[in-house]
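For reference, the structure discussed in these notes is given below.
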Amino acid sequence: MTRRIVFAVTVLSLLIAYIFADRWWEKRKEDKKTKETKLFDLKADDVEEITVQMAGKDEKVLVKEGEKTWKLIKPVTDLADEATVRSMTSKIEELNFERVIDEAPSDPSSYGFNPFVVRVAFKAKGKPEPKEFQIGEKTQVGYNQYLRVTGSPRILLTSSSVKSVYDRDLLSLRAKEVVRAERDTIQRLEFMNPKSPKPVVLRRTNEKWVADADPILDLDQESVKNVVRDLVNLRIRDFDDEAPKNLKKFGLVKAAAAYSVEWSTASGVASETVLFGDKVKDKDRFYAKQGSRATVFEVDKYTFDNLNKSLDDLKEKHPLRFNRFDLTALEVDTPSKSYALEKVDGVWTLTKPEKTQARAEVISDLLILLEDAEGKAITKTEKSEYGLSAPQIRVRMKEKEKSHPQITIGNMILKDGKDHVYIRNDGTGMIYLSAAPRIKEILRGLEDLKAPEEKTGPKSN
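Heads up: the sequence shown begins at 1 in my numbering, then just goes up one per residue.
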């Protein structure tokens with residue numbers, strides 16, 4: 001038995017060694033072939049200038065500024081699309097050929113070099129002389145393209161994907177980002193728009209957005225973050241005028257909307273302003289312009305609509321945000337009763353005034369009411385008709401060790417044919433008028449929160 005095990009282990013070890021050796025040898029052959037067929041010995045980050053020209057069209061020239069920034073300098077001057085340029089520099093680094101088709105062609109035009117389909121020239125750091133290669137026609141069979149390096153007569157065969165990397169129109173080479181910042185770095189937002197004709201200024205303090213006009217105003221943080229997100233995600237769809245002499249024809253003299261943001265950078269604070277003008281004729285787009293760019297461009301209408309917010313739209317409309325399933329303890333006061341409850345194994349149990357099972361449906365309705373509550377009117381000025389000085393219900397909730405502010409429910413009114421109640425978050429002092437479809441049933445249930453005892457009777461035969 002032992003000999004068989006030793007033999008099996010030996011055979012298995014030899015098999016594993018063979019597999020590893022075979023893979024190592026294959027990789028070595030592949031690496032050698034790649035090295036032999038690689039056209040340029042450089043890294044993508046070494047490329048500092050690229051010129052791309054399609055047959056019969058003007059050159060497009062891109063240059064690197066600093067470590068990472070690329071600019072388009074011909075046929076227009078503008079920021080370049082970083083992802084597009086990165087694909088070009090990476091392709092130069094990895095560019096190789098599959099095989100030589102013709103060492104000394106008598107008629108290069110038969111391969112599409114009359115003079116070329118695409119010409120790519122580039123300069124690299126540490127390389128005094130620029131390099132250039134040309135892409136010819138696609139092969140009749142397969143997914144390959146003819147290629148030649150300037151200065152060499154050889155016609156090479158390469159992947160057709162090379163052409164798609166450099167066959168770019170001007171729009172694809174230009175940066176489409178309007179606000180070139182990360183969302184989490186934005187510290188200040190100022191805007192005016194059709195919903196808010198007077199400027200609104202918001203600042204982020206200790207990771208919380210506040211309004212300059214009312215620093216204690218409770219803002220819906222997610223709504224503000226969505227505005228910031230939409231600005232950062234704003235993309236140019238097309239360019240209209242590189243150096244407009246008359247902004248009035250685009251509706252940009254008295255802009256329909258303007259947004260200004262400031263963000264933190266390693267060197268300090270950066271800023272950008274975006275103006276929105278008239279709607280583009282026959283398109284679901286608006287004219288727009290950056291403060292840092294002369295060009296008038298187009299953006300999607302839905303983005304303009306998403307950004308068209310007033311300060312009221314950004315106010316917190318929920319008295320309290322919580323997840324009722326995460327609650328672990330609850331205190332409820334009515335004018336005549338006080339209850340304390342704990343949740344054990346997902347079941348609410350009364351601990352005050354006595355320890356017993358609670359009426360689950362009443363607790364569920366109360367928590368759903370508070371979780372779904374959304375204010376239709378918001379104020380911090382209490383009035384007697386709100387009934388908050390002598391409320392119907394006071395609620396205090398806990399999630400493990402976290403305590404939520406007390407919620408106070410005041411008078412009930414009928415609005416639009418539905419029951420509504422005034423709700424105050426005692427932590428912020430904000431008062432909300434919220435729909436309360438089951439408030440009457442909840443109030444009746446809170447008269448006695450003990451679960452009814454199960455009735456037992458004589459067994460029937």
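Where is the CB? At the ideal position from N, CA and C, for every residue including glycine.
As the structure is a computational prediction, the values presented were derived from the model and not from experiment.
{"Check": "Neighbour-count burial assignment, residue 276, 16 or more Cβ in a 10 Å radius", "Outcome": "buried"}
{"Check": "Buried/exposed call for residue 27, threshold 16 Cβ in 10 Å", "Outcome": "Residue confidence is low: residue 27 scores 49 on pLDDT, short of 50, so the model does not pin down where it sits. Its coordinate-derived value is still stated next. Burial call: exposed."}
{"Check": "Residue 86, enclosing alpha helix (DSSP H) - first and last residue", "Outcome": "82-94"}
{"Check": "CA nearest to the CA of residue 150, picked from 262, 385, 39 and 425", "Outcome": "39"}
{"Check": "Where residue 216 falls: helix, strand or coil (DSSP)", "Outcome": "coil"}
{"Check": "Distance CB(residue 405)-CB(residue 427) smaller than 8 Å", "Outcome": "yes"}
{"Check": "Residues near residue 324 by beta carbon distance below 6 Å, same chain, minus five either side", "Outcome": "367 and 371"}
{"Check": "Simplified DSSP assignment, three categories, for residue 287", "Outcome": "strand"}
{"Check": "Which of helix, strand or coil DSSP assigns to residue 197", "Outcome": "strand"}
{"Check": "Reduced DSSP secondary structure (H/G/I, E/B, other) of residue 241", "Outcome": "strand"}
{"Check": "Which listed residue (90, 383 and 437) has its alpha carbon closest to that of residue 430", "Outcome": "383"}
{"Check": "Classification of residue 365 by the beta-carbon crowding that lies within 10 angstroms, buried from 16 upward", "Outcome": "buried"}
{"Check": "DSSP beta-bridge partners of residue 320", "Outcome": "Looking at the DSSP assignment, residue 320 forms no beta bridge with any residue, so it has no partner."}
{"Check": "Continuous beta strand (DSSP E) stretch holding residue 134: start and end", "Outcome": "131-138"}
{"Check": "Whole runs of the beta strand (DSSP E) within the segment 339-371, excluding any shorter than 3 residues", "Outcome": "347-352"}
{"Check": "Buried or exposed (CB count within 10 angstroms, at least 16 for buried), residue 422", "Outcome": "buried"}
{"Check": "Contact check, residue 287 vs residue 272, beta carbons under 8 Å", "Outcome": "no"}
{"Check": "Nearest-angstrom beta carbon gap, residue 433 and residue 380 [assumed within contact, 8 Å]", "Outcome": "Actually they are not in contact, since the Cβ atoms of residue 380 and residue 433 sit about 13 Å apart, beyond 8 Å."}
{"Check": "Presumed contact (8 Å Cβ cut-off) between residue 351 and residue 341, rounded CB distance", "Outcome": "7 Å"}
{"Check": "With 16 other Cβ atoms within 10 Å as the buried cut-off, status of residue 339", "Outcome": "buried"}
{"Check": "C-alpha gap between residue 29 and residue 130, whole angstroms", "Outcome": "In this prediction, residue 29 has a pLDDT of 45, which is less than 50 and means its spatial position is unreliable; what the coordinates show is noted afterwards. Those two C-alpha atoms are separated by around 31 Å."}
{"Check": "Beta-carbon gap between residue 166 and residue 52 smaller than 8 Å", "Outcome": "yes"}
{"Check": "Cβ separation of residue 55 and residue 133, assumed to be a contact under 8 Å, to the nearest whole Å", "Outcome": "In fact, because the Cβ distance is near 15 Å, the residues do not count as touching under 8 Å."}
{"Check": "Cα-Cα separation, residue 263 to residue 190", "Outcome": "12 Å"}
{"Check": "Local conformation of residue 375 per DSSP, three classes", "Outcome": "coil"}
{"Check": "Straight-line gap, residue 186 to residue 436 (C-alpha atoms, nearest Å)", "Outcome": "38 Å"}
{"Check": "DSSP three-state assignment for residue 415, whether helix, strand or coil", "Outcome": "strand"}
{"Check": "Residue interval of the alpha helix (DSSP H) (run including residue 442)", "Outcome": "439-445"}
{"Check": "Where the alpha helix (DSSP H) through residue 267 begins and ends", "Outcome": "No alpha helix (DSSP H) contains residue 267, which DSSP labels as neither H nor E."}
{"Check": "Nearest-angstrom Cα separation, counted from residue 144 out to residue 106", "Outcome": "21 Å"}
{"Check": "Contact the segment 93-102 vs the segment 308-323: 3+ CB pairs below 8 Å", "Outcome": "no"}
{"Check": "C-alpha distance - residue 10 paired with residue 121, whole-angstrom precision", "Outcome": "57 Å"}
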